[in-house]
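For reference, the structure discussed in these notes is given below.
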Amino acid sequence: MTTIQWFPGHMTRARRQIQDKLKLIDCVIELIDARLPLSSRNPMIDEILLGKPRLIIMNKADLADLEVTRKWLDYFKKQGHVAFPVDASTGTGVKEIPAQLKLLMKAKIDKQISKGMNPRSIRALIVGIPNVGKSTLINKLAGRSIAITGDRPGVTKGQQWIKVGKEMELLDTPGILWPKFEDMNVGYRLAVTGAIKEEIMNLEDIAFFAVKYLSKYYWEPMKERFGLQNETPIDPESSDEIIKVLEDIGRKRGCLMSGGRVDIEKASRILLHDLRAGKMGRFSMEEPF
Ligand code: GDP
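Each residue of the sequence shown is one higher than the last, beginning at 35 in this note's numbering.
Below, the structure is given as structure tokens:
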């Protein structure tokens, strides 16, 4: 198995780019993936944001396990953060953002008012790792399609502000954070949810990890989706049984090569596609400890 090196050059640059933008804004909207709230964060986020007030948004909440998301909301609350679930693709929860930012900045706004000043709009920056939904959220907040969605780190044009209602302005280019991990499991979780590209890790390894995880926590939805014939859940510690599940999935979906052997790569792709698209129902890959 290959070890992933997260290019330190990227990280230093990303950090510098975000810190340059921090000078322009009042607060940060930190986007994380509701299915893996820890792995989809940069572990140095607190240092990177230099104490700027921050909202945590658990995006893609439509795909995450409701019960687990509830536990994460408690966890963040206990840590003194304001966090809430959003589905940026349909817009569920997005409307709450301006009001929550206003609450976050209340002390500052009250101070301006008490000095007889007219409080100006709150300026915010969205930050998050690639594919977490930054562009989708910017588009939803802006109410029209202005940012190009997709994975295009490094595209930074001249800074522009997007007006969101009367009281909020958003920097048009989000801050791109990089996930960081020494632990391979974090890498696999990111790969299973599609946060990191398959070229970086072996597709079949990612699918193997997914089947192992699903067997342990979401056996029934997987069994149902692919019509698995097993009477009881497989042993998630048995590599043979995991491979057999992948073969069964391949057979069910007609992924056969000459000689009748199952094309595991194709089966892996199908499994991961269905999982990411929510075809096996909601799932989360991390619980708070
Ligand atoms: P960015 O790299 O952070 O700007 O991420 P994008 O906005 O390009 O989103 C990456 C992918 O995730 C796109 O295919 C989006 O349609 C999808 N996406 C974004 N937000 C959500 C969400 O809340 N729910 C679901 N199901 N998909 C989302």
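Idealized CB from N, CA, C, for every residue including glycine.
Quick one: using the 10 Å Cβ neighbour count with 16 as the cut-off for buried, is residue 76 buried or exposed? The residue labelled residue 76 in the question sits at position 42 within the sequence shown. Residue environment for residue 76: buried (at least 16 other C-beta atoms within 10 angstroms of its C-beta).
Residue 46 burial status per 10 Å Cβ neighbour count (16 or more: buried): Here residue 46 is taken as the residue at index 12 of the sequence shown, counted from 1. Exposed.
Just to confirm the assignment, what range does the beta strand (DSSP E) spanning residue 16 have? The chain is shown only over 35 to 323; residue 16 falls outside these bounds and no answer can be derived.
Candidates 252, 267, 288, 300: which alpha carbon is nearest residue 313's? Walking along the sequence shown from the start, residue 313 turns up at place 279. If we check each option's Cα against that of residue 313, 252 comes out closest.
Nearest to residue 222 by CA position, among 235, 266, 206, 291, is which residue? Here residue 222 refers to the residue found at position 188 of the sequence shown. The shortest CA-to-CA distance from residue 222 to any of 235, 266, 206, 291 is the one to 235.
Within 10 angstroms of its Cβ, does residue 186 collect 16 or more other Cβ (buried), or is it exposed? Residue numbering aside, residue 186 sits at position 152 when the sequence shown is read from its first letter. Bear in mind that a pLDDT of 43 at residue 186, under 50, signals an unreliable position, so the number given afterwards is only what the model happens to contain. Exposed, because fewer than 16 other Cβ atoms sit within 10 Å of the Cβ of residue 186.
Measuring from the CB of residue 312, is there a heavy atom of ligand 1 at a distance below 8 Å? Position 278 of the sequence shown, counted from the start, is the residue given in the question as residue 312. The answer is yes for residue 312.
Could you tell me whether any Cβ in chain B is nearer than 9 Å to the Cβ of residue 121? Among the chains of the structure shown, chain B does not appear; only one protein chain is present.
With DSSP collapsed to three states, give me the class of residue 121. Your numbering for residue 121 matches position 87 in the sequence shown. Strand at residue 121.
Does the beta-carbon distance from residue 63 to residue 82 come in below 9 Å? Translated into positions along the sequence shown, residue 63 becomes position 29. Translated into positions along the sequence shown, residue 82 becomes position 48. No, the Cβ-Cβ distance between residue 63 and residue 82 is not below 9 Å.
Check whether the Cβ of residue 96 sits closer than 8 Å to any heavy atom of ligand 2, and report yes or no. You won't find ligand 2 in this model; what it holds is ligand 1.
Tell me which same chain residues have a C-beta within less than 6 Å of the C-beta of residue 72, skipping the five on either side of it? Locating residue 72 in the sequence shown gives position 38, counting from the first residue. When the five nearest sequence neighbours on each side are left out, the beta carbons in the same chain lying within less than 6 Å of the beta carbon of residue 72 are those of 320, in order along the chain.
With contact counted as at least three CB pairs below 8 Å, one residue from each stretch, are the segment 301-317 and the segment 255-267 in contact? Yes: the two stretches touch, three or more of their Cβ pairs being nearer than 8 Å.
Got a sec: does ligand 1 put a non-hydrogen atom nearer than 8 Å to the Cβ of residue 214? Reading the sequence shown from its first residue, position 180 is the one you call residue 214. For residue 214, the shortest separation between its Cβ and any heavy atom of ligand 1 does not lie below 8 Å.
Going by alpha carbons, who is nearest to residue 267 out of 281, 213, 246? Within the sequence shown, numbered from 1, the residue matching residue 267 stands at position 233. With respect to the C-alpha of residue 267, the residue from 281, 213, 246 having the closest C-alpha is 246.
Please tell me whether residue 237 and residue 155 are closer than 9 Å, where the distance is taken between their beta carbons. To locate residue 237, count along the sequence shown from 1; it is residue 203. To locate residue 155, count along the sequence shown from 1; it is residue 121. Not closer than 9 Å, so no.
For residue 306, tell me which candidate among 244, 204, 296 has the shortest Cα-Cα distance. As a position in the sequence shown, residue 306 is number 272, starting the count at 1. Answer by Cα proximity: 244.
Does the Cβ of residue 177 lie closer than 8 Å to at least one heavy atom of ligand 1? Taking the sequence shown and counting its residues from 1, the one referred to as residue 177 is at position 143. The answer is no for residue 177.
Per DSSP, the bridge partner or partners of residue 93: As a position in the sequence shown, residue 93 is number 59, starting the count at 1. DSSP, once it has assigned bridges, lists 67 as partnering residue 93.
Measure how close the beta-carbons of residue 84 and residue 53 come, nearest whole angstrom, since I'm counting them as under 8 Å. Numbered from 1 along the sequence shown, position 50 holds the residue referred to as residue 84. Numbered from 1 along the sequence shown, position 19 holds the residue referred to as residue 53. Their Cβ separation, rounded to whole angstroms, is 7 Å, which keeps residue 84 and residue 53 in contact under 8 Å.
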